[in-house]
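The sequence shown begins at 191 in this note's numbering and counts up by one. Beta carbons are placed, not taken as given, at the ideal position from N, Cα and C, and that holds for glycine. Please read the structure below before turning to the comments.
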Amino acid sequence: MQWEQTKKTILKILKYALISVSIYLAVLLIEICCIYAVQKDNTWNYLKEVWEWYSSLFI
(Lines of atoms letter the chains of each structure in order from A; the text may use other names.)
(Lines give C-alpha, C1' and ligand atoms only; values in the text may rest on other atoms or scores of the structure.)
Protein backbone atom coordinates (compact mmCIF):
# COMPACT_ATOMS: atom_id res chain seq x y z
CA MET A 191 0.00 0.00 0.00
CA GLN A 192 2.79 2.40 0.93
CA TRP A 193 4.71 1.51 -2.24
CA GLU A 194 1.73 2.36 -4.47
CA GLN A 195 1.40 5.81 -2.92
CA THR A 196 5.14 6.43 -3.28
CA LYS A 197 5.02 5.27 -6.90
CA LYS A 198 2.14 7.67 -7.68
CA THR A 199 4.03 10.55 -6.04
CA ILE A 200 7.20 9.82 -8.01
CA LEU A 201 5.25 9.62 -11.28
CA LYS A 202 3.53 12.93 -10.52
CA ILE A 203 6.89 14.61 -9.82
CA LEU A 204 8.37 13.20 -13.04
CA LYS A 205 5.33 14.38 -15.01
CA TYR A 206 5.65 17.94 -13.73
CA ALA A 207 9.41 17.92 -14.29
CA LEU A 208 8.94 16.76 -17.89
CA ILE A 209 6.31 19.43 -18.53
CA SER A 210 8.57 22.11 -17.02
CA VAL A 211 11.56 21.10 -19.13
CA SER A 212 9.39 21.00 -22.26
CA ILE A 213 8.07 24.50 -21.64
CA TYR A 214 11.59 25.80 -21.00
CA LEU A 215 12.88 24.29 -24.25
CA ALA A 216 9.92 25.65 -26.22
CA VAL A 217 10.53 29.18 -24.91
CA LEU A 218 14.24 28.85 -25.66
CA LEU A 219 13.49 27.73 -29.23
CA ILE A 220 11.08 30.64 -29.75
CA GLU A 221 13.69 33.06 -28.41
CA ILE A 222 16.36 31.72 -30.78
CA CYS A 223 13.94 31.95 -33.71
CA CYS A 224 13.17 35.58 -32.85
CA ILE A 225 16.87 36.37 -32.59
CA TYR A 226 17.44 34.71 -35.97
CA ALA A 227 14.59 36.75 -37.49
CA VAL A 228 16.28 39.96 -36.38
CA GLN A 229 19.96 39.08 -36.73
CA LYS A 230 19.92 36.66 -39.71
CA ASP A 231 23.53 35.63 -40.47
CA ASN A 232 24.86 37.36 -37.37
CA THR A 233 22.88 35.11 -34.97
CA TRP A 234 25.83 33.02 -33.78
CA ASN A 235 28.01 36.08 -33.12
CA TYR A 236 25.14 37.77 -31.29
CA LEU A 237 24.62 34.76 -29.04
CA LYS A 238 28.37 34.60 -28.29
CA GLU A 239 28.38 38.32 -27.39
CA VAL A 240 25.37 37.87 -25.11
CA TRP A 241 27.03 34.87 -23.42
CA GLU A 242 30.26 36.85 -22.89
CA TRP A 243 28.28 39.74 -21.42
CA TYR A 244 26.44 37.46 -18.97
CA SER A 245 29.63 35.67 -17.98
CA SER A 246 31.38 39.01 -17.35
CA LEU A 247 28.63 39.89 -14.85
CA PHE A 248 29.51 36.92 -12.66
CA ILE A 249 33.30 36.93 -12.98
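Residue range of the unbroken alpha helix (DSSP H) whose run includes residue i
i      : result
LYS197 : 192-229
ASN235 : 233-248
Alpha-carbon spacing of residue i relative to residue j, whole angstroms
i      : j      : result
TRP234 : CYS223 : 12 Å
ASN232 : GLU194 : 53 Å
LYS197 : SER212 : 22 Å
LEU218 : ILE225 : 11 Å
ILE200 : LYS238 : 38 Å
SER267 : LEU204 : The requested residue 267 is not part of the displayed model; the chain covers only 191 to 249.
Close-in-space but distant-in-sequence residues of the same chain around residue i (CB under 7 Å, 5 per side omitted)
i      : result
TRP243 : none
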